[in-house]
Amino acid sequence: TREAVPVPLGHPLGSVYNFYTWSEQLRDFAAEVIRPPSGGVTLVCNSIGSISGLQAAVDQPGLIDGVLVVNPNFRELHVAEQPPFLPPVVSAVQGALREYGKPLFDALANPSTVKTILKEPYHDTTQVTDELVEVLLSPLLTTGSADVVFDTLSYSAGPLPEQLLAHPSLAEIPVWVCWGEEDPWTPSPRVRALQRFDSVRRLIPLPGVGHCPHDEAPQLVNPLIIQFVQELASSAK
């Protein structure tokens, strides 16, 4: 039930890989590509994408009419999530990876390693298919991908979900949160504690699934998406 605390907002490296850039990209896409004729855009966000989606709603609440969060990410590497002695150690490891980590990255960017990593958050490991591995591996094999990954891993600042959900800009934007109860990366007690925020209208536990229930069990998530969009449309009338 931790409260949001004051945190450093900018990327410590000044990198463009941060939630404010990603928020801007989401909002630009919504305004320039989706171009809703009336009302706003509904965001459905998973994991670390939930921070980007909530940040977009905070930055431009008139454009976003609701956010459905699928397994929120609580950013364990954030400085506010670490005991006082740990940030210097984490920072040193992050620096070493940025400077010397590319050979390690290249060695790990292969189908076998990616499949092994994915089997941790997926409760039903049969859903970790070769197609899924290829979809996630392909971007990792492009030029510059190691720099992007290490920059992102070095992003120990910026917003936390509790901080965003408490923001006044979300007062009128409904947020639903669903999560797989078998997710080893998303602690259920902390998800349930999000109910204390006025913006969180519903919490929906999903039994028997892990960190990516929209992929692992779409039969559970797709009806929630439809219901959420329908309720938003109904309330807008």
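Counting from 151, one number per residue, gives the positions in the sequence shown under the numbering used here. In this text, a Cβ means the ideal position worked out from N, Cα and C, and glycines have one as well.
What did DSSP end up calling residue i once you bin it into helix, strand or coil?
i, result
"Ala338", "Per the sequence presented here, residue 338 reads as Ser, with Ala not at that position. Three-state result, Ser338: helix."
"Asn221", "strand"
"Leu310", "coil"
"Pro355", "strand"
"Asn168", "coil"
"Ser288", "helix"
"Gly251", "coil"
"Asp256", "helix"
"Val194", "strand"
When the Cα atoms are used, what is the spatial distance from residue i to residue j?
i, j, result
"Pro368", "Val285", "18 angstroms"
"Gly330", "Ala246", "34 angstroms"
"Leu374", "Ala242", "42 angstroms"
"Phe378", "Trp326", "8 angstroms"
"His317", "Leu310", "11 angstroms"
"Asp256", "Ser202", "28 angstroms"
"Trp172", "Val183", "16 angstroms"
"Leu282", "Ser200", "21 angstroms"
"Pro238", "Gln210", "35 angstroms"
Would you decide whether residue i is buried or exposed? Buried here means 16 or more other CB atoms lie within 10 Å of its CB.
i, result
"Glu312", "buried"
Nearest by alpha-carbon distance to residue i: which of the options is it?
i, options, result
"Gly251", "Gly212, Leu303, Leu268, Leu227", "Leu303"
"Thr293", "Ala259, Pro324, Val264", "Ala259"
"Lys265", "Asp280, Leu254, Asp274", "Asp280"
"Ser344", "Phe224, Ala207, Ala181", "It is Leu, not Ser, that sits at residue 344 in the sequence shown. Cα-wise, what sits closest to Leu344 is Phe224."
"Gln380", "Ala180, Thr192, Arg185", "Thr192"
State the CB to CB distance for the pair residue i and residue j, rounded to an integer number of angstroms; the pair is presumed to be in contact (CB under 8 angstroms).
i, j, result
"Leu218", "Val194", "5 angstroms"
"Gly189", "Ile323", "That belief does not hold up - the Cβ atoms of Gly189 and Ile323 are roughly 12 angstroms apart, past 8 angstroms."
For residue i and chain C, any beta-carbon pair shorter than 8 angstroms?
i, result
"Ile354", "Protein chains in the displayed structure number just one, and chain C is not present."
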